[in-house]
Amino acid sequence: MTIPELSGVHPAWLPPEAFRAIGSRRTLVLGDDVLADTVRAEVAHACARYGGTLHDDRDGAYDLVLAQDPEAGVGPEGFVLSRRDGATTVVAGGPAGLLYGLFEVVRRGEAAFGADLPAEAHRPALRRRMLDHWDNIDVHPVMGQVERGYAGGSIFWRDGGPRDLTRVRAYGRLLAACGINAVAVNNVNVHATEARLLTDRLGEVAAIADELRPYGIRVHLSVNFASPVALGGLATADPLDDGVRAWWARTTERVYETIPDFGGYVVKADSEGQPGPFAYGRDHADGANMLADALAPFGGVVHWRAFVYDHRQDWRDRSTDRARAAYDHFAPLDGRFRDNAILQVKNGPIDFQVREPVSPVIAAMPDTRLAVELQVTQEYTGQQKHVCYLAPMWREVLGFRPWGPDGRTVADVATELVAVSNVGDDPYWTGHPLAQANLYAFGRLAWAPGLDPADLLDEWIGLTFPVAGDPGRLRRVLHEIMDGSWRTYERYTAPLGVGFMVRPGHHYGPDVDGYEYTPWGTYHFADRDGVGVDRTRATGTGFTGQYPKPWSDVYESPAECPDELLLFFHHVPYGRVLHDGTTVIQHIYDTHFAGAEQAAAMRDRWEKAAGDVPPELHARVRELLDEQVRSAREWRDQINTYFFRKSGAADAHGRRIY
Ligand code: GCW
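Residue numbers (our numbering): -19 to 638.
What follows is the structure, encoded as structure tokens:
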């Protein structure tokens, strides 16, 4: 096993310097599986650079000991970290724990070799911590190679075929270092070429799995529900048909012959044109269970997405509400899914907007295993042209208590966390160099959902920029720019929970009415008197009734509804007074002026970091900040002008509106 070193690719949060503390010490590694080999290779690699030594003999004095003990009581991925008598010890519950323990020591750097440390148990809160790639083999004429990808092409495929996978090993290493243990390699919209990854192109998946395995990452595959027809030549894909079930069983068996540790399937069915069980008069439990049955003999799982709604809605029809769709489809099916069928639910009821309430499905399915799906790729949050550090949003989602202050959190209810990846073949991995922090923070939050976003940012800064000119100054500047960047983005784009005022298709930049008269079910209903969607039980779509108490009542009442979600749940007059005393219309003006100003302030702050980061990186971020400032101004002016023209209400501060 060799440690991948790439030239021309930014090392992200694992620059050589991150291994200095380990590399300059005497380390003992015990264990004889693939992951122990990886740990040994990592230590040896670091020692070659920094002069330390790697040992495998128990008798001796070491600065760092990494060993396994199934009795450690922390599960296969956990570890106990301690320091006493000049030695730091990681006792892992299993092979993966050894790897995660190593990366914990990397994160701490010199601090891991300082003062004594009483035994600290670490284990992941969520057993599967997964990234979904929306990568295609072919470059799609509209979507590009990576659907909603803002960081270049796929790291797995070049247009039309497999690519040199050296970079995939390095990717696995980065993911392991933030705690991720599963990757779905292809787009959930499974087109004709990509469908064949299940059958005659399976070798390409196996090759990716080989690269990721040494870092404890299992590979999953998005499959097309109609595969028995498209690939198997059957007349039907009916999940209750014996021939169809036999086809999936045989096909899945072959997958496991090729990739014995294959993770399972991901399915987007009956959604945005993808085939599904509805075509055969079956429901989604029938569909998911059929695949679960095919996977069960091999320990595999199916991730079945709950993103099912009518995308051919009539905008004139105000009773159909896209927000209701996932609950309406899935809540009645609770208890019917197999143990190895995992329902994958987007964090909000609509679609990864900058602000949405937490999906009511999460509280509605006590007898179903749930994966909560986040979007690391910034489709609706600036497309990796804008700085938008998303950990604060995710932290809010994970800490949300659907049953009120004394109930469990979303993180307690979920069995897994999944996110759409923001990675591509860009030299910085994520296009915007600062968007790397989102990927890092996602993995860390999936491991420990209670972590503080600012602390995570701090970790990421420390690892990513180890030799910066003045570390204190850089840290300050990055916190000033990034800590509040999600809220800043919200300010200059979407006020009070209204969503989808984006350009149709690519979803970048403002277009207030872009989706207003389309079939997609994403409306704001602004007129001369007011704005927002009435989702109440009393007079609206009844969506508020999908929440348990207290939220069903809180959201129902315009007086109690949190301001930031007011227009998500209510249609209100522009003059309605918010909790802070401003009117809705004045809030729109104020936040848009403030947001655009804050974007400009980010750019000024970044100038102070010139000299603390490599010049190319500084220049790349500066260029992107120019675009962010331009775009924020455009958002400000279009939104303010639109609502000024609709409402006729003057800005209390007499600022320029067009
Ligand atoms: O947000 C929407 C995106 C689609 C995506 C879909 C989904 C993969 O605009 O590009 O399709 O969500 O999550 O399935």
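Note that CB positions come from ideal geometry on N, CA and C, so glycine has one too.
6 Å CB neighbourhood of residue i in its chain, flanking five on each side removed
{"i": "H25", "result": "I(-17)"}
{"i": "P329", "result": "A303 and S339"}
{"i": "Y642", "result": "Because the chain in this structure spans residues -19 to 638, residue 642 falls outside the shown range and cannot be described."}
{"i": "F480", "result": "Y495 and T502"}
{"i": "I441", "result": "R455 and L458"}
{"i": "T179", "result": "L211"}
{"i": "Q526", "result": "Y307 and P340"}
{"i": "D509", "result": "P553"}
{"i": "V235", "result": "F242"}
{"i": "S62", "result": "T69, L97 and A99"}
Residue of the options minimising C-alpha distance to residue i
{"i": "P652", "options": "E496, G494 and H504", "result": "What is shown of the chain runs -19 to 638, which leaves residue 652 out entirely."}
{"i": "H113", "options": "G132, P98, L106 and R585", "result": "G132"}
{"i": "A67", "options": "R456, A95 and G55", "result": "A95"}
{"i": "A286", "options": "G280, A311 and S299", "result": "A311"}
{"i": "G81", "options": "A47, D65 and A105", "result": "A47"}
{"i": "T389", "options": "Y420, K529, H366 and P429", "result": "P429"}
{"i": "L154", "options": "R517, E614 and E(-15)", "result": "E(-15)"}
{"i": "D435", "options": "D463, L414 and P446", "result": "D463"}
{"i": "A579", "options": "E603, A612 and V552", "result": "A612"}
{"i": "A16", "options": "Q364, D37 and L79", "result": "L79"}
{"i": "E359", "options": "P484, R64 and G31", "result": "P484"}
{"i": "W586", "options": "L605, R63, E577 and P594", "result": "L605"}
{"i": "A421", "options": "L437, H412 and P407", "result": "L437"}
{"i": "V231", "options": "L182, A1 and T146", "result": "Going by the sequence as given, residue 231 is Thr instead of Val. When only C-alpha atoms are compared, the closest one is L182."}
{"i": "P75", "options": "N418, T395, V54 and E607", "result": "V54"}
{"i": "G(-12)", "options": "A229, Q364 and R147", "result": "R147"}
{"i": "V575", "options": "I461, V593, R625 and P499", "result": "Reading off the sequence shown, one finds Gly at residue 575, where the question assumed Val. The option with the nearest alpha carbon to G575 is I461."}
{"i": "G279", "options": "R198, V19, T498 and R610", "result": "R198"}
Whole-angstrom distance between residue j and residue i, CA atom to CA atom
{"i": "A272", "j": "Y245", "result": "9 Å"}
{"i": "V14", "j": "G452", "result": "39 Å"}
{"i": "G423", "j": "C541", "result": "31 Å"}
{"i": "W383", "j": "M345", "result": "13 Å"}
{"i": "H572", "j": "R616", "result": "5 Å"}
{"i": "A274", "j": "P208", "result": "13 Å"}
{"i": "G489", "j": "V393", "result": "35 Å"}
{"i": "L425", "j": "T357", "result": "16 Å"}
{"i": "I239", "j": "A186", "result": "6 Å"}
{"i": "G3", "j": "E(-3)", "result": "9 Å"}
{"i": "M582", "j": "A164", "result": "35 Å"}
{"i": "E577", "j": "S299", "result": "39 Å"}
{"i": "H551", "j": "T519", "result": "10 Å"}
{"i": "A599", "j": "D450", "result": "18 Å"}
{"i": "K248", "j": "Q254", "result": "7 Å"}
{"i": "A506", "j": "K626", "result": "8 Å"}
{"i": "D301", "j": "A1", "result": "55 Å"}
{"i": "Y195", "j": "A156", "result": "6 Å"}
{"i": "D514", "j": "D118", "result": "42 Å"}
Where the alpha helix (DSSP H) through residue i begins and ends
{"i": "A268", "result": "H264 to L275"}
{"i": "A47", "result": "Premise fails: A47 lies in the beta strand (DSSP E), L44 to Q48, not in any alpha helix (DSSP H)."}
{"i": "H25", "result": "V14 to Y30"}
{"i": "R6", "result": "That residue, R6, is in no alpha helix (DSSP H); its beta strand (DSSP E) goes R6 to V9."}
{"i": "L79", "result": "P75 to R88"}
8 Å CB neighbourhood of residue i in its chain, flanking five on each side removed
{"i": "R262", "result": "D218, P219 and L220"}
{"i": "N116", "result": "M123, Q125, V126, E127, S134, W137, N166, N167, H171, T173 and E174"}
Residue i: first and last residue of the uninterrupted beta strand (DSSP E) it sits in
{"i": "V492", "result": "Taken as a continuous stretch (DSSP letters only), V492 belongs to no beta strand (DSSP E), as it is neither H nor E."}
{"i": "R109", "result": "R108 to D112"}
{"i": "Q566", "result": "Taken as a continuous stretch (DSSP letters only), Q566 belongs to no beta strand (DSSP E), being part of the alpha helix (DSSP H) at V564 to K588."}
{"i": "D115", "result": "D115 to H120"}
{"i": "T33", "result": "T33 to H35"}
One or two residues paired with residue i in a DSSP bridge
{"i": "V(-11)", "result": "V(-11) is not bridged to any residue."}
{"i": "T69", "result": "V45 and S62"}
{"i": "I322", "result": "H283 and R349"}
{"i": "H102", "result": "F59"}
{"i": "H200", "result": "A164 and G244"}
{"i": "W641", "result": "Within the shown structure, residues of the chain are numbered from -19 to 638, placing residue 641 beyond reach of any answer."}
Proximal residues to residue i (C-beta, below 7 Å), its chain only, five neighbours per side dropped
{"i": "Q355", "result": "F332, A399 and V400"}
{"i": "N327", "result": "V338, S339, V352, E353, L354 and V377"}
{"i": "W409", "result": "H(-10), A(-8), A131, V403 and Q416"}
{"i": "V170", "result": "S202, V203 and N204"}
{"i": "Y638", "result": "D617 and T621"}
{"i": "W427", "result": "P104, A105, R109 and G159"}
{"i": "F258", "result": "D250"}
{"i": "Y42", "result": "R6, T7, L8, H35 and A67"}
{"i": "T563", "result": "Y554, G555, R556 and V557"}
Closer than 7 Å: residue i CB and nearest ligand 3 heavy atom
{"i": "E174", "result": "Ligand 3 is not part of this structure, which contains only ligand 1."}
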